[in-house]
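Structure first, then comments.
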Amino acid sequence: MMEINKEDGIKKKIQYMLFNIFTKEKVQRIENKWIVEIRNQEKGKKIESLDVLLKKYRIETLVLEEKLNKNQEFKNKLYSKGYTILNGKKFMKYGIIKILDFISKQMEILVKEQDVSILINDMGRIEEYYIEEIAKIVRSVTIITNHTNKFRIVEEKLYDEFGIVLNINNNKRKGLAKAKVIINFDFPEELIKQYRIARNAVIVNLEQNLAITSKRFEGILINDWKVSFKEERLNDIPKKGAFNPNYLYESELIQIPFIAKVEEKMKKDQIEINYLIGKNGKISKQEFELVKK
């Protein structure tokens, strides 16, 4: 059973942060969760007192109320203090097989007929696991990376155990020129711009939200997803509706130490994709049919 190491964010306390108009922070503990209501930070008030409070409870990872999540200045202050703010991307990473299956159905193509390119420079246990799982179900996988040596062990394992050939390269002109489905694990927008991307590619972005500004790109860029759950999650959080449900669910997943247990939980909770989200909102089936041509 593959364990997720500490670098992947496990064993960090989770805090759910709400905004209010009180003059003093309010803290309460519900089971293993800390609920913190904070003072108005939008008027330029210092974050030092909040930082002291979070350190007192040894809190490192935060789920922000959507009102706070839209305040980039406030978030930047938290980042500067070393806090991690959940954004749902790790949840998408755990769900990448489901996303590939959903894309294939929308395009009316079998998953086993898909050729997938993966943009990745740093590989942890989660990334290694899903690269292997993707390689087992699609026709071919190409790794685009600046650090080809990091992926030789995975390359050898896939070939020795399953007879799967993993293509690894960093050709900026040809590497993605014909790629139909691209999964971006960790390339920043500035790096992606250096590559020539196929005009009708479908890009699944598991990094911070990005935009493809090239005029020749007419494909689909997936930055988010809308999912449904079997039952309501985290009902003990006050004002739960003020939070993005994906972020709340991600806060549960990252506390699970084994990937197999994460997938077991997602299966038990009956995670289903309602639709995928691009820069203009919900991506329609018609859009997928257009890029198929």
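So the sequence shown is residues 3 to 295, counted in the numbering used here. In this text, a Cβ means the ideal position worked out from N, Cα and C, and glycines have one as well.
In the three-state reduction of the DSSP assignment, G283 falls in the strand class, which pools E and B. N173 is positioned such that its CB atom lies no closer than 9 Å to that of I145. In chain order, L208 place their CB closer than 6 Å to the CB of K91, counting only its own chain and leaving out the 5 sequence neighbours on each side.
In the DSSP assignment, K91 falls within the alpha helix (DSSP H) that extends over 91-96. When only Cα atoms are considered, Y131 and K159 end up about 12 Å apart.
For E135, the closest C-alpha among the options K232, A213, K100, N78 is that of K100. A contact between stretches requires three or more CB pairs, one per stretch, nearer than 8 Å, and the stretch 120-127 meets this requirement with the stretch 177-197.
Residue ranges of uninterrupted alpha helix (DSSP H) with 4 or more members, entirely inside the stretch 97-155 and ordered along the chain, are 98-109, 127-139. For N276, same chain residues with a beta-carbon under 7 Å away, outside a window of 5 residues either side, are K228, V229, S230 in chain order.
Put simply, the backbone Cα of E62 is about 8 Å away from that of L56. Within the same chain, and ignoring the five residues on either side of E220 in sequence, the residues whose Cβ sits closer than 7 Å to its Cβ are R201, N202.
Per the C-alpha coordinates, the member of E129, L178, T215, A244 positioned closest to S119 is L178. Residue pairing by DSSP places E274 opposite S230 in a beta bridge. Sequence-distant partners of S106 (beyond 5 residues in either direction) whose C-beta falls short of 7 Å from its own C-beta, in its chain, are L112, V113, Q116. Per DSSP, I194 is one residue of the alpha helix (DSSP H) stretching across 191-194.
In terms of Cβ geometry, I133 and V156 form a close pair [threshold 9 Å].
Annotation for V167: no beta strand (DSSP E) segment contains it, and DSSP assigns it neither H nor E. Only residues of its own chain outside the window of five on either side were considered, and among them R201 have a CB closer than 8 Å to the CB of R218, listed in chain order. In this structure, DSSP gives L66 an extended state, which the three-state scheme calls strand.
Between L80 and V65, the C-beta spacing is not below 9 Å. Apart from sequence neighbours up to five positions away, the residues of its chain that approach R198 with a beta-carbon distance below 6 Å are R175, A179, ordered along the chain.
Distance from the CA of Y251 to the CA of G280, rounded to the nearest whole angstrom, comes to 21 Å.
In the three-state reduction of the DSSP assignment, N207 falls in the strand class, which pools E and B. Straight-line spacing of the CA atoms in A244 and I224 works out to 24 Å. Residue range 74-82 is occupied by the alpha helix (DSSP H) that includes N78.
Take F104, set aside five residues on each side of it, and the residues of its chain with a beta-carbon closer than 8 Å to its own are I275, L278, in chain order. For L178, the three-state secondary structure derived from DSSP is coil. Taking C-beta atoms as the reference points, K95 and E129 count as a pair closer than 9 Å.
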